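Notes follow once the structure below has been shown.
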Amino acid sequence: MLSATKIEELRQIIATDYGRELTYDQAAEIANTLVRYFDLLAKIKYRESHG
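For the sequence shown, position 33 matches number 330 in the working numbering, and the numbering has no gaps at all.
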């Protein structure tokens, strides 16, 4: 779903902001979960506004 570059960027953000080092796989799981979550929110919003 996401590029390796974006996953590495997320790893750096989490390390900097939260002081937690994640493996690539952990960061990828978090990133993909966030993408699916926001995709679901967008679908819900679309359905609400388009009946």
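Ideal Cβ positions, reconstructed from N, Cα and C, are used throughout, including at glycine. Keep in mind that this is a model prediction, so the values were computed, not measured.
Cβ neighbours of residue i in the same chain (closer than 6 Å, five flanking residues each side left out)
i      : result
Arg308 : Leu319 and Ala324
Met298 : Asn329 and Val332
Tyr343 : none
CA-to-CA distance, residue j to residue i, given in whole angstroms
i      : j      : result
Ile341 : His347 : 10 Å
Ala328 : Ile304 : 7 Å
C-beta neighbour in chain D for residue i, strict 8 Å
i      : result
Glu305 : Looking at the structure shown, chain D is missing, and only one protein chain is on hand.
First through last residue of the alpha helix (DSSP H) which encompasses residue i
i      : result
Glu306 : Ala301 to Tyr315
Leu337 : Tyr321 to Ser346
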